[in-house]
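This report refers to the structure that appears directly beneath it.
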Amino acid sequence: MEVSISVNGTNHSSDVEPRTLLVHYLREDLGLTGTHVGCETGYCGACTVIVDGRAVKSCTMFAVQADGAEVRTVEGAANDAGLHPVQEGFWECHGLQCGYCTPGMIMSSIALLEENDNPSEDEIRHGIEGNLCRCTGYHNIVRSVQYASAKLRGEEPQGASAEVTT
Amino acid sequence: MSTTSVMGGIVRRKEDPSLIQGKGRYVDDIKRPGELAVAFVRSPFAAATVNSIDASGALALDGVHAVYTIDDVRHLGVTPAQVAVGTLRPLLADGAVKHVGEAVAMVVADDRYIAQDAADLVFVDYEPLDAVVDLKEAMADSIQVHEGTPNLLLTWAGNAWWEGVVELPDPAPGIQEAKERDDAVVVSLEMVNQRLIPTAIEPRAVLADWNDGYGSVELWTTSQIPHAVAGAIGATFGIPSNKVRVVAPEVGGGFGLKLNLYPDEFLCCFASKELGRPVRWTETRREAAVSSIQGRGWIGTATITGTRDGKILGYELDAICDMGAYSQNFTVAIPLLGLFVAPGQYDIPTSYALHCVVTNTPTTDAYRGAGRPEAAFYLERIIDVFAREIGMDPADVRKANYWKKEQFPVTTAVGMTMDSGDYETNLDALLARVGYEELKAKRDAARAEGRLLGIGLSTYVEVCGFGPSALTGLGFSWAGYGLPTAFNGSGVVRVQPDGTCTVTIGTGPSGQGHQTTWAQIVSDGLGIPMDDIEVQHGDSNDSPMGVGTFGSRSIAVDGSATFEATKRVKEKAAVIAGHLLEAAPQDVQFADGGAHVAGSPDRSVTWAQIAESAYQPHTLPEGVEGGLESSVVFSPPNATWPFGSHLALVEVDPDTGDVDILEYWATDDCGNVINPMIVDGQVHGGIAQGIAQALFEEAIYDETGNLLTSSLADYPLPAAESLPMFSLDRTVTPTDVNPLGVKGIGEAGTIGSAQTIVNAVVDAVSHLGVKHIDMPLRPKRVWQAIQDARN
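Going line by line, the protein sequences match chains A and B.
This note's numbering numbers the first residue of the first sequence as 993 and each following residue consecutively.
This note's numbering numbers the first residue of the second sequence as 3 and each following residue consecutively.
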């Protein structure tokens, strides 16, 4: 089937098999391998992308369902000005270890902060509950989102050095 | 060890800019032209005879290239293992299946969709048989997993090991006499340490590309041990190991499940050789639950004999440990690791019998902690039971039995020599930070109001940093693979002609931040900026012969090799710089990205100038070889023995049984710390996995061996809402078995945490009459325990 999808601001017209998952379309047809597959059932969130402004698990959506949509992936998170504040937060606060869940986690966090730029710790934990991380115990992910939230609101964010004790 | 800001300081990770922009390259991201995709046909039965396999339907499908069965690959032998005890896994089911999910046939097709369609068209005629799943039934041996072979593979016992079944006096000398004393208090409890599915978020993936021209093969695989995989593939296919290139690129979490040799790694090489095309397989999540190894799976009785003043006169553990159907890489060695730390931080007579039995379930092997969380769980749970029985504070009971700082080095009751430890200082630091007395008062006040607050404490000793050649080489010989490396560490440090530095190491990360930590070691040693240092790893062709990342070993062993290599490069650089500056090498000092003559900072050269000279031998002093690099293999004299103390405050909802972790504190001691941010991150993740075992996760099989928890819907990994923030601190007791004084931190959090939570939950409900609740402490189980105690 013919689909026309905008991905990170670029329009793509492609002929896809109807059963092709959006995540496989992004990874294999467009070569955007930053979006990962972790469970194929919508539980882990590694494949999270933003479709028309909403965080979506791209392993539970067919590419044909995204026809006409605007899709943002982790490759499109940064812009000419540099890293997105969420990406910067993950770097500054050690919000990632193996990095496999990270693209999905970053896209969910971006979607969360676009809805609420000053979430509480509980709201952050609730906002990313659809994204599983096996490495960090979420402690530093929460801090990464707090960092990004502060930065987006023009406040001085706190990096890793603010917390670690020895 | 130096204390510059680079060493011991917080440094942002070098690997992150790539990973946060989606530019990390994991196995499934790497493409080869013309590649084919694999799907496996897997058994729906836990025990069955395979009468026949009909692949004609699959082969008739457009885009299908081959369907392989055991008849095609039997000549390659079984899946190799570094500890080859028990029945090793056939590459594909050989006439029978022994667990649900065992691979029976392999389909190779144009893409993964067609391969899966074709796998569904392979008809396998099974004759179902009785399966044995329950560990006590397996011990009874009335149904044998491998007919004619006892289910009991071996028993690890006492202070002797590796010889297989060792008959020692049982109970250990002194414990029986202690039980007969008039003032003896004996507490005993059977507890389950349940099976877990490790669940790295990246599923395993394999891409093989056989080259007939060179007679060589390249394999990209999600592995913690690429060199071992390379050796095993060479041995399996009868080609030299230098014809095998194994690459572990970015690895999306390991936790032990990728510390293994899997049939698919060999089968994809085989298929690529046969078909002349690159061949890829990527595990699905549901498949991962049965095609990768699982962890834990013990049922055991712990017993303490002691006196009312808190003195422990004997500790006994008798446990049955589930090996699954086949042995894989380290399967039977995992309980042995538990035995190594059986007596924990305590100077107590210890008797241990760990019975390794097979069942009709997937293989168990190393999962974060690997034997040591199980050992710490049984010991620290029963110490709590003992403390409650004699009415003594659990912290005081622990202190009454500690090895004292001045006693080190000590030889423990299981024959291990621990070089260093300072347990009381560590626990006191934790209790002071927590405000232990106030916390107990807060708990008691809440209890008076009807709220169920509980405090849980656990200490632990870990054995890691493997390891001493004599210890690991004894049993874990790789001679069969032509790789007699007994867990050495390796590091190569090379200053490039432009003055930047390349470090290659025999170990690679699956999230632990090696690229940053190793760059810190080298930057600190040479004064070359972090940005000018690149750390390479994970390629069996280009990395020095290495062992890999597991058992919290990398920094202690490969880190030390790199530290020594750095020293040697610096010594040579001093000779070259001295020559350029017309000064004696001993008068050369390194600072600010170069070298200068002591006392004359203006007489200086940059690293680029030193390196330029190094690669133009005619400019060097007589007798000095060209080049500026060093390669070191490091073998420590002993393992390392990190330790720590963890404490949690929980609240139990009496109406629902729901457990809320209000606070979690840990004070760990991993010796010297190179990057505290990374060390804290390792502890966070470790604690999360221990809490996951305590409260959420369990691999559940029905009586026929069906896995009921094969998706993330049924196997609940904790999400962000399920976990608290963690409050961490450290004491620092360096080891002298390596030049960095480091001990390892990858598994510590997991070893200390599960029983901390269980102790806290039991503390919260013990006044209601609850003595123990088996993990995972899901609300229904806790609620039921409260109801049972009340009635």
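Heads up, the beta-carbon is just placed ideally off N, CA and C, and yes, glycines get one too.
Since the model is a prediction, treat every value here as computed from it, not as a measurement.
In the DSSP assignment, R287 of chain B falls within the unbroken alpha helix (DSSP H) covering R287 to S293.
Annotation for Y115 of chain B: the continuous alpha helix (DSSP H) segment containing it runs R114 to A121.
Near chain B, meaning a CB-to-CB distance below 9 Å, the residues of the region 1121-1133 of chain A are E1121, G1122, N1123, L1124, C1125, R1126, C1127, T1128, G1129, Y1130, H1131, N1132 and I1133. At a cut-off of 8 Å between beta-carbon atoms, S713 of chain B makes contact with chain A. In summary, the residues of the region 1025-1047 of chain A whose CB is separated from some CB of chain B by less than 8 Å are T1025, G1026, T1027, H1028, V1029, G1030, C1031, E1032, T1033, Y1035, C1036 and A1038, in the order they occur in the chain. Here G1129 of chain A really is in contact with L725 of chain B; their C-beta atoms are around 6 Å apart, less than 8 Å.
Inter-residue distance for G371 of chain B and A207 of chain B is about 23 Å (C-alpha atoms, whole angstroms). Annotation: D96 of chain B to Q695 of chain B spans about 34 Å, alpha carbon to alpha carbon.
Interface annotation for the region 1082-1112 of chain A against chain B: F1082, W1083, E1084, H1086, L1088, Q1089, C1090, G1091, Y1092, C1093, T1094, P1095 and I1098, criterion Cβ-Cβ distance under 8 Å. Note: N677 of chain B is not bridge-paired with any residue in the DSSP secondary-structure output.
Under the DSSP assignment, K138 of chain B falls in the alpha helix (DSSP H) whose first and last residues are L137 to A142. At a cut-off of 8 Å between beta-carbon atoms, A1055 of chain A makes no contact with chain B.
Rounded to whole angstroms, the gap between the alpha carbons of I535 of chain B and S615 of chain B is 19 Å. Look at Q118 of chain B: its C-beta is not under 8 Å from any C-beta on chain A.
Taking 7 Å as the Cβ-Cβ cut-off, the region 439-459 of chain B has no residue approaching chain A.
Of all alpha-carbon atoms in B:Y369, B:A402, B:V334 and B:T366, the one lying nearest the alpha-carbon of C358 of chain B is that of B:V334.
Per DSSP, the unbroken beta strand (DSSP E) holding L649 of chain B starts and ends at F645 to V654.
For I702 of chain B, there are no C-beta contacts with chain A under 8 Å, since the nearest C-beta of that chain is about 17 Å from it. Beyond the five residues adjoining it in sequence on each side, E104 of chain B comes within less than 6 Å, by CB distance, of S45 and A95 in the same chain, given in chain order.
For H229 of chain B, the enclosing alpha helix (DSSP H) begins and ends at P228 to F239. The Cβ of F728 of chain B sits closer than 8 Å to at least one Cβ of chain A. Nearest to G628 of chain B by alpha-carbon distance, out of B:A613, B:V109 and B:V134, is B:A613. Per DSSP, the continuous beta strand (DSSP E) segment holding A39 of chain B begins and ends at L38 to R44.
Using beta-carbon distances, G24 of chain B counts as an interface residue toward chain A, with a partner under 8 Å. Of the candidates B:G754, B:Y703, B:L315 and B:E631, the residue whose Cα lies closest to the Cα of W667 of chain B is B:G754. 8 Å or more divides the Cβ of Q330 of chain B from the Cβ of A586 of chain B. Per the coordinates, the alpha-carbon of A202 of chain B lies some 36 Å from the alpha-carbon of S58 of chain B. With a threshold of 8 Å between beta carbons, Y115 of chain B makes contact with chain A. In the three-state scheme derived from DSSP, where H, G and I count as helix and E and B as strand, M193 of chain B is classed as strand. For I322 of chain B, the enclosing beta strand (DSSP E) stretches over residues I314 to D324. With respect to the 8 Å criterion, D671 of chain B and T735 of chain B are classified as neighbours on the basis of their beta carbons. Per DSSP, I306 of chain B lies in no alpha helix (DSSP H); the unbroken beta strand (DSSP E) holding it starts and ends at W300 to G308. Contact between G1026 of chain A and E1067 of chain A holds, since their C-beta atoms are separated by about 5 Å, short of 8 Å.
By the rule that beta-carbons nearer than 8 Å mark a contact, T1065 of chain A touches chain B.
Interface annotation, A1152 of chain A: in contact with chain B, CB-CB separation under 8 Å. Taken atom to atom, the span from the alpha-carbon of D765 of chain B to that of T309 of chain B is near 21 Å.
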